[in-house]
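Q: Numbering (the working numbering), first residue to last: 213 to 305. Note that CB positions come from ideal geometry on N, CA and C, so glycine has one too.
1) Can you grab the Cα-Cα spacing for the pair residue 225 / residue 283, in whole Å?
2) Check the DSSP bridge columns for residue 271 and list the partner residues they point to.
3) Express the C-alpha separation of residue 230 and residue 272 in angstroms, rounding to a whole number.
4) Quick check: residue 270 and residue 296, are their CB atoms within less than 7 Å of each other?
5) If you run the structure through DSSP and keep just helix, strand and coil, what is residue 292?
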């Protein structure tokens, strides 16, 4: 399962960055509660397209890994619009 930030820049119409991910094991019912999720990897915005961007769309996606056969990809219904800050904070919290 992963969260994608999609945004526009003057150089590119479509930019996408995975900003969070989590591996879930197969279970009858899974509930995800993430109140203060830390990233496993450092986030680097090389082109600084997210910095100060006021129109970033977040979508939740996932891949289902079967025991054999077709590898489906799914996307949750709906999305969420956010504004990114004009300054980044470095370091771990």
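A: Quick look at the numbers:
1) Taking the chain shown and counting its residues from 1, one reaches residue 225 at position 13. Taking the chain shown and counting its residues from 1, one reaches residue 283 at position 71. The alpha-carbon atoms of residue 225 and residue 283 are separated by roughly 28 Å.
2) Numbered from 1 along the chain shown, position 59 holds the residue referred to as residue 271. In DSSP, residue 271 forms a bridge with 216.
3) The residue given as residue 272 occupies position 60 in the chain shown. The residue given as residue 230 occupies position 18 in the chain shown. Cα to Cα, the separation comes out at about 10 Å.
4) Residue numbering aside, residue 270 sits at position 58 when the chain shown is read from its first letter. Residue numbering aside, residue 296 sits at position 84 when the chain shown is read from its first letter. No, the Cβ-Cβ distance between residue 270 and residue 296 is not below 7 Å.
5) Taking the chain shown and counting its residues from 1, one reaches residue 292 at position 80. Three-state DSSP puts residue 292 in a strand.
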